[in-house]
Every structure is written in structure tokens, then in C-alpha cells.
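Residue 21 in UniProt numbering sits at position 21 of the sequence shown, with consecutive numbering throughout. Worksheet for the structure shown next.
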Amino acid sequence: MHSTSFVNIAAYKFISFDDTAEKRPEFIAKCTQLSLKGTVLLSPEGINLFLAGTRADIDNFLAWVRADARFADLEVKESYSEDQPFKYMLVKLKREIITMKHPLIKPELGRAPSVGASTLKRWLDQGHDDSGKPVVMMDTRNAFEVDVGTFDDTIDYRIEKFSEFPDIVAKNKDALNDKTIVTFCTGGIRCEKAAIYMKDVGYNSVYQLDGGILKYFEEVGGDHYTGDCFVFDHRTALNPRLEPALATTCAACNATVSPREQLSPLFSAGKSCPHCAPSSSENSQAAASLHSL
Numbered sequence: 001m002h003s004t005s006f007v008n009i010a011a012y013k014f015i016s017f018d019d020t021a022e023k024r025p026e027f028i029a030k031c032t033q034l035s036l037k038g039t040v041l042l043s044p045e046g047i048n049l050f051l052a053g054t055r056a057d058i059d060n061f062l063a064w065v066r067a068d069a070r071f072a073d074l075e076v077k078e079s080y081s082e083d084q085p086f087k088y089m090l091v092k093l094k095r096e097i098i099t100m101k102h103p104l105i106k107p108e109l110g111r112a113p114s115v116g117a118s119t120l121k122r123w124l125d126q127g128h129d130d131s132g133k134p135v136v137m138m139d140t141r142n143a144f145e146v147d148v149g150t151f152d153d154t155i156d157y158r159i160e161k162f163s164e165f166p167d168i169v170a171k172n173k174d175a176l177n178d179k180t181i182v183t184f185c186t187g188g189i190r191c192e193k194a195a196i197y198m199k200d201v202g203y204n205s206v207y208q209l210d211g212g213i214l215k216y217f218e219e220v221g222g223d224h225y226t227g228d229c230f231v232f233d234h235r236t237a238l239n240p241r242l243e244p245a246l247a248t249t250c251a252a253c254n255a256t257v258s259p260r261e262q263l264s265p266l267f268s269a270g271k272s273c274p275h276c277a278p279s280s281s282e283n284s285q286a287a288a289s290l291h292s293l
């Protein structure tokens, strides 16, 4: 039993969802009734949501969503916080629930092979999969997310947005085809699309990490992972115990530096922070873009 006040949930499902416009006001009404905050994305390819509320209200919402047969098996990843991590409640209509700009990929027609957290840990412990092939981790997240934390020795293409991933990964196929590739992301949605695309372009041994980093943390902890996992709410990042990242104190000016401010290019541990770093137009723009996330 967690004593914290708010349950934070992340969930997605790829499924044909053609009545999104009709369903949007129903989602708005239900979330408003239950005082939930966060974001729900509705798309012809499925649903993606990040929400927070009390235990009772989250359970009420999930029962309501799962009453729709399309989402009866919706799987949820949970974490907990003392404060509400979201400022608003948004329900948006999108063309894709994660933008890849490859609309012919339809995960509901057949998922890429997946590997669970405990099996992946065993593979990483032994250095190869069950057939003896070397295992390579591939991060499908954006560069600034990777910088907060990732699996050890992972492939990181330094992408700025997920739509860049298909071209980059297609160009590197030949160098990786003698290895088993495990794609991963925060909660599973990007790495699921990534693995399907990689199979389509000819990768012969590729898996997605089922449930992403958050599910890995939940089931096996932080083995083979360094740092925290970036999340898109005010907690900024979660550690392998699924606890929010902590603020720190700047050694130069003694200001309190929030987890988000620690991601700023103006922050250098032991040297400077956004409160005391020399200003420049380039740094100001970087700091502004960070706060807009």
C-alpha cells in the first residue's frame, strides 16, 4: 500500500479507433468528473494516455475505458507521487499516437516479437540471447531523454524526434544483422513501432522491450541501466525505484536546482546552474526550450 496521494498511469494500445471525434467529449467528461489531469491521445491507430489522480478515481476511469471491448485488455504502468504531476487535463485527436510518419505500420495486425524484463536482464547478465547471439540495446527516444539515463552500452542515434528514426535505422541495418537488437523507450509505444519497422526493412533478429523502461524498473530494478528515466510531467525523471528525481544545490551559488533545470545546458555539476551561469542568447534559447517541454 502506497501512502502517496496520487497514482500516475501510462498506457497505450494500437487498435482501429475510427470514432475518435465522437469519443473525445466522452473522455473529457469522464476525466473532468473524476478530477484527473494529464493527456489522452485518440488516434485512428489507437490510444495513448498519461494520467494522474487518486486511487479510486484512476480505478474508476480504467473500469470505464475497459468497458469498451477494444480496450478491455489495456495494460497500465503505475507510479506514485505526493503531488499532482500534471497541470491540465487534455484530450487530443491525433493522426498517430506516436508520430513516425509511416502510417502503413499497424501494430494491431501483428506485433513485433517482444522480450520481458526478466528475460532481458538474463540476456544482459550472460551477454547473449538464448541462441547465443550478442544482444544490442537500441534507444528509440530523443537525445535529451537519453541523456537523463539509458541502458549500458546502448545504441543512441541522437535523434531529435521519432520521425527521424526510420531513415537512420534503415541505413545501419547491415552493421547490426549478426546481432539481436532490443529496442526500448519509456513505456513501450515507440519501441513497438520501431521494432515493427525494423522487421519490415529486413532486420532478422529484433525485439521490443515489453512495457519499456518503466516496466523494466518495476519488475527487475535498475540492473544494466545508468541514470534515471525521463518522463513528460513535473517529476522530470524517475529512478529505478520509480521515485521522482530529486532537486540538488548548486555548488557555485547555493541555489536549489530542480530536476528539470538539471537538464539545462547551463547546469554543470559543481560549476554553475541556470541561476548563476553566464548568460548568452544561445543559452537563453536552450533554457527556454527546455522549460517548454
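The beta-carbon is built from N, C-alpha and C at its ideal position, and this holds for glycine as well. Please read these numbers as outputs of a predicted model, since none were measured by experiment.
Review point. Hey, how far is the Cα of residue 32 from the Cα of residue 230?
Key: Rounded to the nearest angstrom, the two C-alpha atoms are 27 Å apart.
Point to revise | Beta-carbon contacts of residue 170 that lie in its chain and below 7 Å, excluding the five residues immediately before and after | key: Excluding positions up to five away in sequence, the list reads 201.
Review point. Under a Cβ-count criterion, where at least 16 other Cβ atoms within 10 Å of its own Cβ denotes burial, should residue 253 be classed as buried or exposed?
Key: The residue in question, residue 253, is exposed, as its Cβ has fewer than 16 Cβ neighbours within 10 Å.
**Study point:** Cutoff 6 Å; reference residue 185; Cβ partners in own chain excluding five residues on either side
**Key:** Around residue 185: 140, 141, 191, 212.
Check your understanding: According to DSSP, is residue 78 helix, strand or coil?
Key -> Correct three-state label for residue 78: strand.
Check your understanding: Ends of the beta strand (DSSP E) at residue 184?
Key -> Segment 180–184, the beta strand (DSSP E) holding residue 184.
Exercise for review: Specify, as a first and last residue, the run of the beta strand (DSSP E) that residue 10 falls within.
Suggested key: For residue 10, the enclosing beta strand (DSSP E) starts and ends at 6–14.
Practice item. Name the residue from 9, 159, 222, 39 whose alpha carbon lies nearest to the alpha carbon of residue 94. Key: Looking at the Cα atoms, 39 is the closest of the given residues.
Review point. Would residue 77 pass as a contact of residue 215 if the rule is Cβ separation under 8 Å?
Key: Yes, Cβ-Cβ distance for residue 77 and residue 215 is below 8 Å.
Review point. According to the neighbour-count rule (16 or more other Cβ atoms, all chains shown, within 10 Å of its Cβ), is residue 127 buried or exposed?
Key: So residue 127 counts as exposed.
Exercise for review: Tell me whether the beta-carbon of residue 189 lies closer than 8 Å to the beta-carbon of residue 47.
Suggested key: No; because the gap between Cβ atoms is not below 8 Å, this pair is not in contact.
Practice item. For my contact list, residue 294 and residue 242 are in at a C-beta cut-off of 8 Å; report their separation, rounded to the angstrom. Key: Because the chain in this structure spans residues 1 to 293, residue 294 falls outside the shown range and cannot be described.
Practice item. Decide yes or no for the touch test of the region 107–118 against the region 140–158: beta carbon pairs closer than 8 Å, at least 3 of them. Key: Because the criterion of three Cβ pairs below 8 Å is not met, the region 107–118 and the region 140–158 do not touch.
Check your understanding: Sorted by chain position, which residues of the same chain lie with C-beta nearer than 6 Å to residue 239's C-beta, five sequence neighbours on each side aside?
Key -> Counting only Cβ-Cβ distances below 6 Å, and skipping sequence neighbours, we find 228.
Practice item. Look up residue 238 in the DSSP assignment and give the residues it is bridged to. Key: Beta-bridge pairing links residue 238 to 229, 244.
Review point. According to DSSP, is residue 32 helix, strand or coil?
Key: Helix, per DSSP.
Exercise for review: Tell me whether residue 9 is buried or exposed, calling it buried when 16 or more other Cβ atoms sit within 10 Å of its Cβ.
Suggested key: With 16 or more Cβ atoms within 10 Å of its Cβ, residue 9 is classed as buried.
Practice item. Note the first and the last residue of the continuous alpha helix (DSSP H) segment covering residue 165. Key: In the DSSP assignment, residue 165 falls within the unbroken alpha helix (DSSP H) covering 165–171.
Exercise for review: With a threshold of 16 other CB atoms inside 10 Å of the CB of residue 134, please say whether the residue is buried or exposed.
Suggested key: Taking a 10 Å sphere around the C-beta of residue 134, we find fewer than 16 other C-beta atoms and assign the residue as exposed.
Check your understanding: residue 117 to residue 221, Cα distance in whole Å?
Key -> Approximately 9 Å between the Cα atoms of the pair.
Point to revise | Secondary structure of residue 60, DSSP reduced to three states | key: Three-state DSSP puts residue 60 in a helix.
Point to revise | Boundaries (first-last residue) of the beta strand (DSSP E) holding residue 208 | key: Where residue 208 is concerned, the enclosing beta strand (DSSP E) stretches over 206–209.
Review point. How about residue 70 and residue 15: are their beta carbons less than 8 Å apart?
Key: Yes, they are a contact pair.
Check your understanding: In whole angstroms, what is the alpha-carbon distance linking residue 251 and residue 275?
Key -> If you take the alpha carbons of residue 251 and residue 275, they lie about 12 Å apart.
Review point. Is it the case that the Cβ atoms of residue 34 and residue 61 are separated by a distance below 8 Å?
Key: Yes.
**Study point:** Element boundaries [beta strand (DSSP E), containing residue 38]
**Key:** Note, residue 38: beta strand (DSSP E), 37–43.
Check your understanding: Which residue from 44, 73, 45, 36 puts its Cα closest to that of residue 55?
Key -> Residue nearest to residue 55 within the set 44, 73, 45, 36 is 36 (criterion: CA-CA distance).
Review point. Residues in its own chain within less than 7 Å of residue 262 by CB, not counting five upstream and five downstream?
Key: So the list reads 248, once near-sequence residues are dropped.
Check your understanding: Among 28, 20, 81, 26, which one has its Cα closest to the Cα of residue 234?
Key -> Distance from the Cα of residue 234 is smallest, within the candidate group 28, 20, 81, 26, for 81.
Point to revise | Rounded separation between residue 246 and residue 53 - CA only | key: Cα to Cα, residue 246 sits roughly 22 Å from residue 53.
**Study point:** For residue 57, the nearest candidate out of 168, 26, 223, 5 (CA to CA)
**Key:** Among 168, 26, 223, 5, the Cα nearest to that of residue 57 is on 5.
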